[in-house]
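For the sequence shown, the working numbering gives the first residue as 2, with consecutive numbering after it. Note that CB positions come from ideal geometry on N, CA and C, so glycine has one too.
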Amino acid sequence: MTCSSGNELPAINRARLMADLETLATFTEPGTPGTTRRFPSAAYMSGRAWLRERMEAAGLRTSIDAGGNLFAMLPGEHELPPLVAGSHTDSVMGGGRYDGALGVLGALEVARCLAGSGIRLHHPLLVADFLAEEANDFGVSCVGSRSLAYGLAPEWLDRSIAGQTLGQALAAMGGNPAGVTAPLLAPGAFAACLELHIEQGPVLEAAGATLGAVSGIVGIRRGTFILSGRPDHAGTAPMALRHDALTAAAELILAVERCARAEPGAVGTVGRLALRPNQSNVVPGEVTLTAEIRHLEPAAIALVWNYVLEAAEAACAERGVTLQLDAHTDAEPAAPPAWLLELVYSVCHGLDPRALVLPSGAGHDTGHLAHLAPAAMIFVPSMGGRSHCPEEYTAPEHLCTGVEALMRAIIAVDRRLA
Numbered sequence: 002m003t004c005s006s007g008n009e010l011p012a013i014n015r016a017r018l019m020a021d022l023e024t025l026a027t028f029t030e031p032g033t034p035g036t037t038r039r040f041p042s043a044a045y046m047s048g049r050a051w052l053r054e055r056m057e058a059a060g061l062r063t064s065i066d067a068g069g070n071l072f073a074m075l076p077g078e079h080e081l082p083p084l085v086a087g088s089h090t091d092s093v094m095g096g097g098r099y100d101g102a103l104g105v106l107g108a109l110e111v112a113r114c115l116a117g118s119g120i121r122l123h124h125p126l127l128v129a130d131f132l133a134e135e136a137n138d139f140g141v142s143c144v145g146s147r148s149l150a151y152g153l154a155p156e157w158l159d160r161s162i163a164g165q166t167l168g169q170a171l172a173a174m175g176g177n178p179a180g181v182t183a184p185l186l187a188p189g190a191f192a193a194c195l196e197l198h199i200e201q202g203p204v205l206e207a208a209g210a211t212l213g214a215v216s217g218i219v220g221i222r223r224g225t226f227i228l229s230g231r232p233d234h235a236g237t238a239p240m241a242l243r244h245d246a247l248t249a250a251a252e253l254i255l256a257v258e259r260c261a262r263a264e265p266g267a268v269g270t271v272g273r274l275a276l277r278p279n280q281s282n283v284v285p286g287e288v289t290l291t292a293e294i295r296h297l298e299p300a301a302i303a304l305v306w307n308y309v310l311e312a313a314e315a316a317c318a319e320r321g322v323t324l325q326l327d328a329h330t331d332a333e334p335a336a337p338p339a340w341l342l343e344l345v346y347s348v349c350h351g352l353d354p355r356a357l358v359l360p361s362g363a364g365h366d367t368g369h370l371a372h373l374a375p376a377a378m379i380f381v382p383s384m385g386g387r388s389h390c391p392e393e394y395t396a397p398e399h400l401c402t403g404v405e406a407l408m409r410a411i412i413a414v415d416r417r418l419a
């Protein structure tokens, strides 16, 4: 079964696309809900091995760079910088089957359609599966796209989880940690970058729209806080003499909520927390938590973050608890150039008169790729706005329309930049 609204372009093979999405979803960590392919799990590695086989079966030449990014090349007519289309195939714990996967498999479907129809772009087309986009226990998201645009700090590569460093995990995925301490590419290495993605929010569905052109991607400041107090007997330690790390952490968590609410357009989250010794009859001696602030403006991120730090420092000082900030990372806000946003919106509107222009509240690899080349995103609706959960769902017809929009956008960008 195929779907396309125009006879001048090859039809997207809906059955093949859906079969690929279904198969990739079977690569999941045992005993976890939904779809779970965390970096650097065996399920993630196996899923990428299957993906590479699918790319090569389509006649594409594959490679893995030092940053662990998996690429598949469809040659163009000329020796030009490639157009890049892709996303990521890792997932959060208990995630859905479309986050990231749609962008990678949709780009692969476009490459197959172009190759099968004899349409040859001026530029090569590079289908990409960027390594480890999701936040992970190493405290570094978008490992692959960061490596391309900025490189990874040596101290990040030395971070260790369960006896494995980030550098070792990168090597296990086919990368080369020694090669990523400086940017892998310079601006201009790519002609342009396009990413198809589920919205992960409710805006398109509420508007009855099938497609959205993304006007900007939020910046994210994320850090791991370690609050160290003193473990004591829960019954015999007087309240006035306690150094309770968890009550200080509670103040920090509430500060994130309070400060983000006070700044229009900001969101703040503490999504990971661990305490020691984690016993019901012991005053908590240490808490480790990860907090983040997101906004489309760097100044707003810095403002909210500084307010949170001040509140956390005050809460810790009041209780005799020390505060350490570790694993601090930033992703700058990003936006496509006006010409590219207009082009993508025109493509979307041509397929869906209700198409919207909207910002992304989620971070994406495109946010880092924008440092290297003009970069834009296309959204398709998420039912109920749900994502990062097993209930994540996008209707097959919307997935297919999104892939068609991606193909049309790739062709239009190729012609404009030729």
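Tell me residue i's beta-bridge partners as DSSP assigns them.
i           : result
residue 287 : 229, 277
residue 165 : 162
residue 195 : 86, 377
residue 64  : 72
residue 361 : 218
residue 307 : Per DSSP, none; premise fails for residue 307.
residue 292 : 224, 271
residue 336 : BP columns for residue 336 are empty, so no partner.
residue 234 : 283
Would you give the residue range spanned by the beta strand (DSSP E) that residue i belongs to?
i           : result
residue 324 : 323 to 332
residue 74  : 71 to 75
residue 129 : 126 to 130
Of all the options the options, which has the alpha carbon lying nearest to the alpha carbon of residue i?
i           : options            : result
residue 206 : 111, 184, 386, 59  : 386
residue 409 : 304, 176, 347      : 347
residue 97  : 360, 394, 32       : 394
residue 48  : 59, 23, 33         : 23
residue 337 : 302, 356, 373      : 373
residue 150 : 418, 307, 213, 180 : 180
residue 88  : 332, 77, 94, 102   : 102
residue 107 : 134, 85, 118, 208  : 85
Looking only at its own chain, which residues have a Cβ that is under 7 Å from the Cβ of residue i, when we skip the five neighbours before and after it?
i           : result
residue 61  : 73, 74, 75, 112, 128
residue 371 : 335
residue 303 : none
residue 7   : Confidence in residue 7 is poor, its pLDDT being 44 and thus under 50, which makes the residue's placement unreliable; the coordinate value appears in the next sentence. Excluding sequence neighbours, residue 7 sits near nothing in its chain.
What is the residue span of the alpha helix (DSSP H) that residue i lies within?
i           : result
residue 248 : 246 to 263
residue 397 : 397 to 418
residue 141 : First-last for residue 141: undefined, no H or E at that position.
residue 55  : 43 to 58
residue 369 : 366 to 370
residue 207 : 204 to 208
residue 104 : 102 to 118
Assuming residue i and residue j are in contact, meaning their beta carbons sit under 8 Å apart, how far apart are those beta carbons, in whole angstroms?
i           : j           : result
residue 18  : residue 401 : 7 Å
residue 305 : residue 235 : About 34 Å; that fails the 8 Å criterion.
residue 1   : residue 81  : Since the first residue of the chain shown is 2 and the last is 419, residue 1 is not available in this structure.
residue 293 : residue 269 : 7 Å
residue 244 : residue 322 : 6 Å
Just to confirm my understanding: we take residue i, look at its own chain, exclude 5 residues before and 5 after, and list those with CB closer than 6 Å. What are they?
i           : result
residue 1   : The question about residue 1 has no answer here: the residues shown for the chain are numbered 2 through 419.
residue 287 : 229, 246, 277
residue 289 : 227, 275
residue 30  : 37, 42, 44
So that I know if they touch, is there some Cβ in chain C lying closer than 8 Å to that of residue i?
i           : result
residue 293 : The chain labelled as chain C is not found in the depicted structure, where only one protein chain is given.
By Cβ distance, which residues of its chain are closer than 8 Å to residue i, with the 5 residues on each side in sequence left out?
i           : result
residue 397 : 15, 19
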